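In the numbering used here, the protein residues as written are 1253 to 1437. We put the beta carbon where it would ideally sit given N, CA and C, even for glycine. Since the model is a prediction, treat every value here as computed from it, not as a measurement. In what follows, a single structure is set out as structure tokens and then discussed.
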Amino acid sequence: MNLPNKITLARIFLIPLFIVVLMCGKWTGMVQLYFNIGAAFVFAIAALTDGIDGYLARKNNQVTDLGKFLDPIADKLLVAAALICLVELQRIPAYMVIIIIAREFIVTGLRIVAISNGVVMAAEMTGKIKTVIQIIATVISILFSDIMIGPISLGYIAMLIATLFTIYSGYVYLAKNWEMVINSK
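In structure tokens:
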């Protein structure tokens, strides 16, 4: 197994640690601030590995089928785990998480249709930007959900922006590939 794939696996193995650290304050009743900082740190490290593994795989000509399979799964697991925990902690509303996860299912389904038609869908820049915005919004929701701007929390505003951009990026994927969808076998 090459280094980029090991880094991807490390991201997957960081997910349970992230969940435990984020939820620990709720479970123990201890000061949530320390756990929030720790969880944001673990999440940020895990999120950074996404860029690192891809960069190393391309730079060292180590792109593998395993990496192509694991990398997007690791990304989706990390973000979904964080968002579901934030709903449990009542920092963001469930409808945002449903929209974000639904977009991932739709785009993944679209990719499966493309593959079945012999087409490889390249990643869109809007999808990459969406991921960065979601990561930033997640860190803000972990660290700053208690900060209010009027009647709305900073975490809610950040995640609303992420949700809206998620909808837009999903629209871009569908619009660019709609012809393939309606003409699929």
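Checklist entry - So which of 1394, 1367, 1283 has the shortest CA-CA distance to residue 1344? => result 1394
Checklist entry - In or out: residue 1368 buried (at least 16 other Cβ within 10 Å) or exposed? => result exposed
Next on the checklist: Assuming residue 1355 is part of the alpha helix (DSSP H), what are its boundary residues?
Outcome noted: 1346-1368
Checklist entry - Counting pairs of Cβ atoms below 8 Å between the stretch 1374-1391 and the stretch 1411-1430, do you hit three or more? => result yes
Checklist entry - Since residue 1319 is in the alpha helix (DSSP H), which residue starts that stretch and which ends it? => result 1317-1340
Checklist entry - Can you name, in chain order, every residue of its own chain whose Cβ lies under 6 Å from the Cβ of residue 1363, other than the five neighbours on each side? => result 1373
Item to check | Reference residue 1407; option with closest CA among 1266, 1303, 1361, 1338 | outcome: 1338
Item to check | Beta-ladder partner(s) of residue 1477, from DSSP | outcome: Within the shown structure, residues of the chain are numbered from 1253 to 1437, placing residue 1477 beyond reach of any answer.
Checklist entry - Which term fits residue 1386, buried or exposed, when burial requires 16 or more other beta carbons within 10 angstroms of its beta carbon? => result buried
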